[in-house]
Amino acid sequence: MVDSELGEIPKGWKVSKIGKEFETILGGTPSTTNKSYWENGTVAWINSGEINKFRITEPTAYITKEAVDNSATKLMPKGTTVLAITGATLGQVSRIEIDTCANQSVIGI
3 MVDSELGEIP
13 KGWKVSKIGK
23 EFETILGGTP
33 STTNKSYWEN
43 GTVAWINSGE
53 INKFRITEPT
63 AYITKEAVDN
73 SATKLMPKGT
83 TVLAITGATL
93 GQVSRIEIDT
103 CANQSVIGI
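Just add 2 to wherever you are in the sequence shown, counting from 1, and you've got our numbering.
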């Protein structure tokens, strides 16, 4: 074991930020007052409340392609590990089994 800023870690390990080691995708919520972002949507979207499931196979809602193109939300590919970064599910981890967007309380790794 060796000392690190986190305490002792195994020899040969290093301390690093997730974003330096992996691609991260931060979610976003399209404006809920813009009906063209939500009505007749075909793009899956989840909120952080879903992160209490081991695997996410169904979206919370659907948004439109226009919402993806014109808001902060980004598409996360199937197989992405997602982490709740705020709210009641803070710290929970799940795996998405669908291509989906997510709200701003979710980060994809």
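Using N, Cα and C, we set each Cβ at its ideal position, and we do this for glycine too.
No experiment lies behind these values; they were computed from the predicted model shown.
Point to revise | residue 13 versus residue 58: straight-line alpha-carbon distance, rounded | key: 36 Å
Practice item. From the DSSP output, in three-state form, read off residue 33 for me. Key: coil
**Study point:** residue 4 versus residue 89: straight-line alpha-carbon distance, rounded
**Key:** 34 Å
Exercise for review: Return the chain-ordered ranges of every alpha helix (DSSP H) run that is complete within the region 41-85 and spans a minimum of 4 residues.
Suggested key: 67-72
**Study point:** Range of the contiguous alpha helix (DSSP H) that encloses residue 93
**Key:** No alpha helix (DSSP H) holds residue 93; DSSP gives it neither H nor E.
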